[in-house]
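According to the numbering used here, the stretch in the sequence shown is residues 463 to 1396, in order.
All C-beta atoms in this analysis are idealised placements derived from N, C-alpha and C, irrespective of residue type, glycine included.
As structure tokens, the structure follows; a few thoughts come after it.
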Amino acid sequence: MLNKYVVIDLETTGNIPKKGDKIIQFAAVVIENGKITEEFSSLINPKRSIPAFIEELTGLTDEMVKNAPLFSEIAEKVMTLLDGAYFVAHNVLFDLSFLQEELLQSGVEGFFGPVLDTVEMARILYPTADGYKLSELAEQENLNHDRPHQADSDALVTAELFQIFLKRLSSLPLLTLKQLSQLSGGLKSDLQQLLDEILVENGDTIEKLPNTIEIFRNLALRRHQKESKADEGKKEYPYPTSEEEKIKLVKQAFTVFEKRTGQFTMMDTVYQSFQSDSHTLIEAGTGVGKSLGYLLPIAYFSKQKGLPVVVSTHTIQLQEQILKKEIPLLARILPFKLNTVLLKGRNHYISLEKFSQTLTDENDNYDTGLTKMQILVWLTITETGDRDELNLSSGGYIFWNKIKNEPAIFARSQEWLERDFYLKSKRDAEAADIIITNHSLLLSDLAGEGSILPEFAYVIIDEGHHFEKVASTFFGHSLDYLSTRLLLSQFGLYEQRQLFYQMENIIASIPAQKEKLIPTSALNQMAADLTYEMDEFFKLIALFARTIIANQKGFNKAKVRFSHQERGKEKTALVHSAERFAFLLKDLHTAITERLHWIKAKKAITLSNVQKGLLEEILSFVNELEELRDTVNNCFIKESNFVKWIEMDIRAPQNVTTFIAQPASVAAALKNKFFQVKKGVVVTSATLTVNQSFDYIIKELGLEPVSTIKLSIPSPFDYRQQVQLLIPEDLPEINTVSIDEYVVAITEHIISIAEATNGRMLILFTAHEMLKKTYELIKESGFLNDFALIAQGITSGSRTRLTRNFQRYEKAILFGTSSFWEGVDIPGEDLSCLVIVRLPFSPPDEPLTEAKCKLIESLGGNAFSEYSLPEAILRFKQGFGRLIRTENDRGIMVVFDKRIITAKYGKAFLKSIPSVPVKKGNIDELIGIIHSWL
């Protein structure tokens, strides 16, 4: 076995050696027999100046390298180090191509040995990691990485990581290693050689698997822990009614205990609500301890009644928090054992049988091969088989569609069913006291869509201010070009050798009369016609939208209302195309279904597992075709009172075109299908009231105003001491100037405030267009060059990643729109200033807003006071909630939109948040207040 590895890292003047970019620092760490035996690093004189951004990134300056050796002077040393070794690097192709270029220019022949990429290895060995940057992996493994982007520090950390990877590889079951080796031929690096060496070394040993792993049908899996439901006899567990009992219980879980009276009130209200079969609304301010406030009473209620309680959230983050933080806390408090299960939709779970069959496929592309390797490693650690645990590439998600869990008609073997993750989650749910799920799955249960949820009558809806919006999406339909095209391409034309070709091969292999089936050539024509019509259909959607927005200037993304009342040739052409599209979908669906029935009817034939797997894929495709046709019919052909609109990007209309249809109000549907059916529902959130009243949310959700219990628990924080609310009076009124003038005015203010607060600033916008213009103008001004500027939709990364990056820097400004108004948790000094650019009213021409307003007016109501204003106030409250997350936080909130003090309705915003000192003045006066207060 090659026991020498040389880990290399380079700093360079740019990315393209062929265009004259040069190395400015070289570092190597040598590992032999598992130990670091040598470290070598040197600055290099590149004979050209170092670009400013490289200097900023690496901290290396022209001054530092001017007396350093030329690369040619260390070339021999580099070759000596690399002699007989694996070349290892984090993103190996970059370092190798640079080094080869420099070695060749130095008159040395270059390196031609095996290479290993630690990015690739990390993706395979840590399939569930958040990210694969060197700094992220170092943090995950608690490695000290003190000087990122300096070659010697990066090389040492990469070497330490690589040693961990080697240990991880040798701890994997031999079966998994063999399967990884078979799949690794298509990788960028020579991992296959390393795997084969490990296998040869282990060749004669008899493997002793750890207790946590079992080999099942040629897959190494984590052993299912059999949940033993603790038989606690008929012990009674009375709910702790007095405050003393609660304090005694809750104290056990905390090292430092603070009594929260509001939390105890919430516990009693939830418990009484379920005891009396009532529906309840609870607004619990930040710091009340809402999750424990409902988890403790429902745990007692569930145990006493022997009934499950469902807890539904909007975000994955909250589900994770409940599972990983609150439930373990609860376990320390309760005098009994609690069974908790997290449930998701069926497609979230892997089908082991389908995955096992794909391991025999040949000619995988790079993404598919890598994803299979990730999954093989993941199966040795996962207890749930839930896709959300994996960090997949976009190509990986395409592969997941082949192996996701779905109903089967071509019988699965009993053995596979016994190890099925989806069925396990259903069994676990049957025995659970508390079932955690999300709003969408909860709603799919109403539609009787074969949901996983067992029968339940009691529900907690957390993040309840989202429930109405999720219901609108759920009861509606949406249709977009990319996923429609992807769906049809799975079946393909005969010559494209996709599912269609494979289905015909199965049929051809069956010796029987085929007179009832339409010929392959006719089916091929049908598939071609369908693809052509789909393209035409989406072109016509884009054309229809463009005719309406021809006079809107300056916006790339647009929303266009589509109504059946409209006339015009574009509208007529679009509806005709939709009808043709729906007919062709029906014809193809019928033809494929006939073929599947024909195969199933041939009882005498025995299909191979691979053929059964293919037929399952085709069945899944047929079901999706049916859904697609149903959506086209509902959006264009059936008359309905849905609000319909098109969302598109003007720059690439067809590719990013989505057609959406949603009900203007879901109150009646929720009332009839949900609230009247369930015995006790508690809806809770930090933002449910507008101006201290629950009227708005009651109406939106379709609750009965009289019989619904209402409770508002204020936050325990001392906002008067913790927050200053500032309103600059020297800004123009937002609706009286152009967007560009307004951006110029607020940019000057942002720069002044940032300098006064030293960053730590979150700026909330209501539209991406304004965010982008403000961000660009600040960058251009150069005044905040020493601040990290992080902007949603401009800086890459998810909301969580952007927030993490923001917390990492001393001086940072985070620019956010829609999703940053809530759910972002930045406690302590990481956030000391919140800026709200404008009051968060939905644009009146936004299709759903417009429809809701028309509906209210048609019933004789006032759309502004009954919908637009309350909706904006709830979002404003969510925004305000970002600033103070703990009792020790202090912060400044600045509202740029003067309507909060000049408009009659402004008071309603201020009355809906906790009472805080409000100060008005020009920017210089406000900066003085900031300085003295912070």
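Exercise for the section: Go ahead and label P1309 buried or exposed: buried means 16 or more other beta carbons lie within 10 angstroms of its beta carbon, across all protein chains shown. Expected result: When all chains shown are included, P1309 counts as buried.
Exercise for the section: Determine the contact status of Y884 and R849, defining contact as a CB-CB distance below 9 Å. Expected result: Not in contact: Y884 and R849 (Cβ atoms no closer than 9 Å).
Exercise for the section: Look at the alpha carbon of D652 and the alpha carbon of L1069, and state the distance between them as a whole number of angstroms. Expected result: Going by the C-alpha atoms only, they are around 38 Å apart.
Handout entry: Inter-residue Cα distance where the pair is R590 and I1363
Key = Residue identity check: residue 590 is Thr in the sequence provided, not Arg. Roughly 49 Å separates the two Cα atoms.
Practice task
Mind listing, in chain order, the continuous alpha helix (DSSP H) runs of no fewer than 4 residues lying wholly within the region 585-615?
Solution key: The alpha helix (DSSP H) runs lying completely inside the region 585-615 and spanning 4 residues or more are 596-602, given in chain order.
Practice task
Report the partner residues of K466 according to the DSSP bridge assignment.
Solution key: Per DSSP, E494.
Exercise for the section: Could you tell me whether the region 1049-1061 touches the region 1025-1035, using the rule of 3 or more Cβ pairs below 8 Å? Expected result: Taking 8 Å as the limit for Cβ pairs, the verdict is that the region 1025-1035 does not touch the region 1049-1061.
Problem - Residue burial classification, P1167 (beta-carbon count within 10 angstroms, cutoff 16) - result: So P1167 ends up on the exposed side.
Problem - Exposed unless 16 or more other CB atoms sit within 10 angstroms - verdict on L1047 - result: L1047 comes out buried.
Practice task
Pick helix, strand or coil for T775, following the three-state DSSP scheme.
Solution key: Note: T775 maps to strand in three-state DSSP.
Handout entry: Residue interval of the alpha helix (DSSP H) (run including G1368)
Key = Start and end: 1368-1374.
Handout entry: DSSP-derived helix/strand/coil call for S632
Key = Reduced to three states, the DSSP call for S632 is helix.
Handout entry: One or two residues paired with R939 in a DSSP bridge
Key = First, the residue type needs correcting, since residue 939 is His and not Arg in the sequence shown. A1123.
Handout entry: Residue closest to Q766, alpha-carbon to alpha-carbon, out of P797, T742, A974
Key = When P797, T742, A974 are compared, the shortest CA-CA separation from Q766 is found for P797.
Exercise for the section: From the DSSP output, in three-state form, read off G1341 for me. Expected result: Note: G1341 maps to helix in three-state DSSP.
Practice task
Take the Cβ of P702 as the centre, count every other Cβ of all protein chains shown within 10 Å, and call the residue buried at 16 or more, exposed below.
Solution key: With 16 or more Cβ atoms within 10 Å of its Cβ, P702 is classed as buried.
Handout entry: DSSP-derived helix/strand/coil call for P479
Key = Under the three-state reduction of DSSP, P479 is assigned to helix.
Exercise for the section: Tell me whether I451 is buried or exposed, calling it buried when 16 or more other Cβ atoms sit within 10 Å of its Cβ. Expected result: With the chain covering only 463 through 1396, there is no way to say anything about residue 451.
Practice task
With distances taken Cα to Cα, identify the nearest neighbour of A1218 among K721, S1294, E1109, D1049.
Solution key: Among K721, S1294, E1109, D1049, the Cα nearest to that of A1218 belongs to S1294.
Problem - I512 - partner residues in DSSP beta bridges - result: Answer by DSSP bridge pairing: none, since I512 is not bridged.
Problem - Distance, Q1184 Cα to D1351 Cα - result: If you take the alpha carbons of D1351 and Q1184, they lie about 7 Å apart.
Practice task
State the Cα-Cα distance for the pair G1016 and T1236, rounded to the nearest angstrom.
Solution key: Below a pLDDT of 50, predicted positions are generally treated as unreliable, and G1016, at 49, falls in that range; no measurement from the model is reported.
Handout entry: Inter-stretch contact (C-beta, 8 Å, three-pair minimum) for the region 516-535 and the region 604-621
Key = The region 516-535 vs the region 604-621: in contact.
Problem - Inter-residue Cα distance where the pair is D616 and F624 - result: In a straight line, the C-alpha of D616 is about 12 Å away from that of F624.
Handout entry: Rounded Cβ spacing between Q1186 and P1376 (contact assumed at less than 8 Å)
Key = Actually they are not in contact, since the Cβ atoms of Q1186 and P1376 sit about 13 Å apart, beyond 8 Å.
Handout entry: Cα-Cα separation, R630 to G1343
Key = Using only the alpha carbons, I get a separation of about 43 Å.
Exercise for the section: Note down the Cα distance separating R1337 from Y1329, rounded to an integer number of angstroms. Expected result: Roughly 12 Å separates the two Cα atoms.
Exercise for the section: Assign S983 to buried or exposed, taking buried as 16 or more other Cβ atoms, counted over all protein chains shown, within 10 Å of its Cβ. Expected result: Residue burial annotation: S983 is exposed, with fewer than 16 other C-beta atoms found within 10 angstroms of its C-beta.
Problem - Neighbourhood of R1057 by C-beta distance below 7 Å, restricted to the same chain and skipping five residues each side - result: Closer than 7 Å at the Cβ level, and outside the excluded window around R1057, lie M965, I969, L979.
Practice task
Starting from the N-terminal side, write out each stretch of the alpha helix (DSSP H) that is 4 residues or longer and does not extend beyond the region 1197-1265.
Solution key: Complete alpha helix (DSSP H) runs here, min 4: 1201-1219, 1230-1243.
Exercise for the section: Mark L1224 as exposed unless 16 or more other C-beta atoms lie within 10 angstroms of its C-beta, in which case mark it buried. Expected result: Flag for L1224 reads buried.
Problem - Where I675 falls: helix, strand or coil (DSSP) - result: Strand.
Practice task
Going by CA-CA distance only, name the one from I922, A537, E824, S1177 that's closest to Q487.
Solution key: Nearest C-alpha to Q487 among I922, A537, E824, S1177: A537.
Handout entry: A1063 burial status per 10 Å Cβ neighbour count (16 or more: buried)
Key = The residue is exposed, with fewer than 16 neighbouring Cβ atoms inside 10 Å.
Practice task
Sort out for me which residues DSSP pairs S1155 with in a bridge.
Solution key: The beta-bridge partner set that DSSP reports for S1155 consists of V1152.
Handout entry: Same chain, Cβ closer than 8 Å to A990, five either side skipped, listed in chain order
Key = Cβ within range, chain order: L955.
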